[in-house]
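Here the structure is laid out as C-alpha cells; the discussion comes afterwards.
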Amino acid sequence: MTISFYQARQQILDTVPLLPVITVPLLAAAGRACATDIIAEYHLPAVNNSAMDGYAVRIEDCPIGTTLPVSGYLPAGEACTASIASATAVRIMTGAPIPLGANAVIPFETCAEGEGQITILHRVKHGDNIRWSGEDVRTGDKVVAAGRVLRPAEISLLAALRMENISVRKRVQVAILATGDELYELGQRSDTGIVNCNSPALAAAVSEIGADAEMIGIAIDDINDLHQKIILGLKYDVLITSAGVSAGDRDLVREVLSEIGAKELFWRLKIKPGQPTAFAMYNNVPIFSLPGNPVATLLTFEEFVRPALLKMMGHSSVLKAMYRATLIAPIKKKIGKLQILRVALNFNHAGELMASSAGDQNTGILTTLVGAQGVALLAAERDFFAAGEKIEVHLFGAATQIGY
Numbered sequence: 003m004t005i006s007f008y009q010a011r012q013q014i015l016d017t018v019p020l021l022p023v024i025t026v027p028l029l030a031a032a033g034r035a036c037a038t039d040i041i042a043e044y045h046l047p048a049v050n051n052s053a054m055d056g057y058a059v060r061i062e063d064c065p066i067g068t069t070l071p072v073s074g075y076l077p078a079g080e081a082c083t084a085s086i087a088s089a090t091a092v093r094i095m096t097g098a099p100i101p102l103g104a105n106a107v108i109p110f111e112t113c114a115e116g117e118g119q120i121t122i123l124h125r126v127k128h129g130d131n132i133r134w135s136g137e138d139v140r141t142g143d144k145v146v147a148a149g150r151v152l153r154p155a156e157i158s159l160l161a162a163l164r165m166e167n168i169s170v171r172k173r174v175q176v177a178i179l180a181t182g183d184e185l186y187e188l189g190q191r192s193d194t195g196i197v198n199c200n201s202p203a204l205a206a207a208v209s210e211i212g213a214d215a216e217m218i219g220i221a222i223d224d225i226n227d228l229h230q231k232i233i234l235g236l237k238y239d240v241l242i243t244s245a246g247v248s249a250g251d252r253d254l255v256r257e258v259l260s261e262i263g264a265k266e267l268f269w270r271l272k273i274k275p276g277q278p279t280a281f282a283m284y285n286n287v288p289i290f291s292l293p294g295n296p297v298a299t300l301l302t303f304e305e306f307v308r309p310a311l312l313k314m315m316g317h318s319s320v321l322k323a324m325y326r327a328t329l330i331a332p333i334k335k336k337i338g339k340l341q342i343l344r345v346a347l348n349f350n351h352a353g354e355l356m357a358s359s360a361g362d363q364n365t366g367i368l369t370t371l372v373g374a375q376g377v378a379l380l381a382a383e384r385d386f387f388a389a390g391e392k393i394e395v396h397l398f399g400a401a402t403q404i405g406y
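Per our numbering, numbering through the sequence shown is continuous, rising by one, with the last residue being 406.
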C-alpha cells in the first residue's frame, strides 16, 4: 500500500531503536547528544570573584573623594581567606576571589591611583563588578537536558563545571550499498556505465550529522551477489541501499530482503521524487532502500534517513525547523503526491524570506540540488501555488547561507 510522506516518516521514527549509552571524554562528546540529564555538582562561579581588574572595596568606605590605602594584592587563581581591612582597598585581577567583607570592585580606569592609594571619583554601588557564587549555575541545577546536542557553548559550560566524562549514545554505524550492473566506482573507467555517485554522497550526508559511514561496494543485479552484500551490511547498525527497489525486472533488493526474513514496513510513497522508497527491519537493524536516481537518493535521505539516525543517537530534536517563505513565482504540480521542491531562498529588502524554484526539477539534474538552499514540501492535495503565497521550507546543511 502506498502511504503518505508524513505517515512514512512517523512510522520510521516510531520503529528505529535507540543505540546503547556509552561514556566518553568531554571533548569526544562535542556534536553528540547527551544520553542523560546533566546535573551541576558545583556552583558556577564557584566563589565570589572579580569581573574586572581593579580594587576590591567596601561600599561604606567609598564616598566620592575618599582616599583609601591599598592593603593587598589578589591575582586570579589565588585562594583568599582573609577579610578586607576597614577603610582600605585590595588590588584585584579579573577572576580573583573577592576578599571577605568586600562588596564591590572599582575598575582601574574609574579611580585615581597614587602611590599605594586610590581616590574614589564616582559613586560605588553594592555588587559593582562582582560575579557572585552560583549566579550562573547552582548545585543541583539541570544544565543540559537529555537529547541536547553538545555545541561549543555546552562544552564550555560542562568544562567550567569540571565534568570530564559525558554519557552519550553510541555513534551509529551505517553501511552503504549501491546496486546495479551499470555502476562502476569512482576512479575506475567505463565507456558505457554510470559512476557510483550515490555512495559517496550518502557517506558525506551520514558523516555530516556525526554518524559513521562505511561504503561496502556495489552489488550487481544478481540474487547471490546482492544477498551476500546485504548480509554484510546487516552487521552494521543501519543499512542503506540505493536503487533496485522500483518495479523493473532487475530491481531485486526487496526480493532479497524478503528471502532473508526482513520485515518490510512500507514500499512506495506518495511523494515526488522518491516514490519507490522502502523501509524494513531485520532484527534490530533498520534498512532504508532508497531510489537510485542521485537527486531522489539525497532528498529521501534528508527527509527520512537523517531524522532516523539522529533519533538512534539520542537527539531530542530530529526534524529540521520549518520556515514560512513567500513564493516569488507560481509553482504547478500534479495532485496526489507531496512534492519535495528544491528551492532558492533569499531575503528581500523588508527582511521577508522569499522562495523560488532552484531550477530544473528533473530528478537527473544535480546542479539544481547544488544551487538550492533548501526544500519546500508542497502538499499532495494541491496542484497550484500562486506567487505571493506562503509555503513551508527547511534549509539544507548546518552552514547554509541565505543571501539578500
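Yeah, the Cβ is synthetic: ideal placement off N, Cα and C, and Gly gets one too.
Helix, strand or coil: which one does DSSP assign to residue i?
| i | result |
| --- | --- |
| G116 | strand |
| A206 | helix |
| E304 | helix |
| K313 | helix |
| T299 | helix |
| A357 | strand |
| A162 | helix |
| T243 | strand |
| P2 | Because the chain in this structure spans residues 3 to 406, residue 2 falls outside the shown range and cannot be described. |
| S52 | strand |
| E216 | strand |
| L267 | strand |
| R11 | helix |
| I273 | strand |
| F110 | helix |
| A378 | strand |
| E62 | helix |
By how many angstroms is the C-alpha of residue j removed from the C-alpha of residue i?
| i | j | result |
| --- | --- | --- |
| R34 | P22 | 14 Å |
| T38 | V145 | 11 Å |
| T17 | K322 | 19 Å |
| L236 | Y284 | 8 Å |
| E111 | D55 | 9 Å |
| D183 | A221 | 8 Å |
| G366 | L188 | 18 Å |
| I225 | L254 | 7 Å |
| T243 | L301 | 14 Å |
| S248 | D138 | 57 Å |
| L20 | R164 | 28 Å |
| G353 | V377 | 20 Å |
| E117 | I61 | 22 Å |
| G282 | A389 | According to the sequence shown, residue 282 is Ala rather than Gly. Using only the alpha carbons, I get a separation of about 40 Å. |
| R11 | N167 | 34 Å |
| A30 | D63 | 50 Å |
| A213 | M314 | 10 Å |
| V413 | I14 | Outside the shown range of the chain, which is 3 to 406, sits residue 413, and nothing can be said about it. |
| I218 | L379 | 32 Å |
Could you round the C-beta distance between residue i and residue j to whole angstroms and report it? I think they count as a contact, below 8 Å.
| i | j | result |
| --- | --- | --- |
| Q119 | T68 | 10 Å between Cβ atoms; not a contact. |
| E394 | R326 | 6 Å |
| L102 | S85 | 4 Å |
| R141 | A42 | Correcting the residue identity first, residue 141 is Thr in this sequence and not Arg. Yes, T141 and A42 are in contact; Cβ-Cβ is about 6 Å, under 8 Å. |
| S73 | T90 | 4 Å |
| A360 | T328 | Wrong, their Cβ atoms sit about 16 Å apart, outside the cutoff. |
Using a Cβ-Cβ cut-off of 6 Å (strictly less than) and excluding sequence neighbours within five positions of residue i, which residues of its own chain qualify?
| i | result |
| --- | --- |
| E333 | The question names Glu, but residue 333 is Ile in the sequence shown. Taken in chain order, the residues that qualify are F387. |
| T402 | Below a pLDDT of 50, predicted positions are generally treated as unreliable, and T402, at 48, falls in that range; no measurement from the model is reported. |
| Y406 | Note that Y406 has pLDDT 43, beneath the 50 cutoff, so the model's placement of it is unreliable and no number is given. |
| I157 | A32 |
| A207 | F303 |
| G136 | H45 |
| A147 | D39 |
Answer yes or no: the CB of residue i versus the heavy atoms of the ligand SAM, is any distance below 6 Å?
| i | result |
| --- | --- |
| A180 | Summarising the ligand content, the structure contains no ligands, and the ligand SAM is consequently not present. |
Going by DSSP, what residue range makes up the alpha helix (DSSP H) through residue i?
| i | result |
| --- | --- |
| I168 | I168 -> not in any alpha helix (DSSP H); beta strand (DSSP E) instead, spanning 167-171. |
| L259 | 255-262 |
| L368 | 368-373 |
Excluding the five sequence neighbours on either side, which residues of its own chain have a C-beta within less than 7 Å of the C-beta of residue i, listed in chain order?
| i | result |
| --- | --- |
| A381 | L340 |
Could you spell out where the beta strand (DSSP E) holding residue i opens and where it closes?
| i | result |
| --- | --- |
| F281 | 280-284 |
| N226 | Segment 225-235 is the alpha helix (DSSP H) holding N226; no beta strand (DSSP E) there. |
| Q341 | 340-349 |
| S318 | No beta strand (DSSP E) holds S318; DSSP gives it neither H nor E. |
| T328 | 325-329 |
| V26 | 23-27 |
| S73 | 69-76 |
| R93 | 91-94 |
| T181 | 175-181 |
| E394 | 392-397 |
| K144 | 144-146 |
Note down, in chain order, each residue of its chain lying with its Cβ closer than 8 Å to the Cβ of residue i, except the 5 sequence neighbours on either side.
| i | result |
| --- | --- |
| A114 | I120, T121, L123 |
| I337 | A382, E383, R384, D385 |
| H317 | A35, G149, V151 |
| N50 | P99, I100, I132, R133, W134, S135 |
| G129 | N105, A106 |
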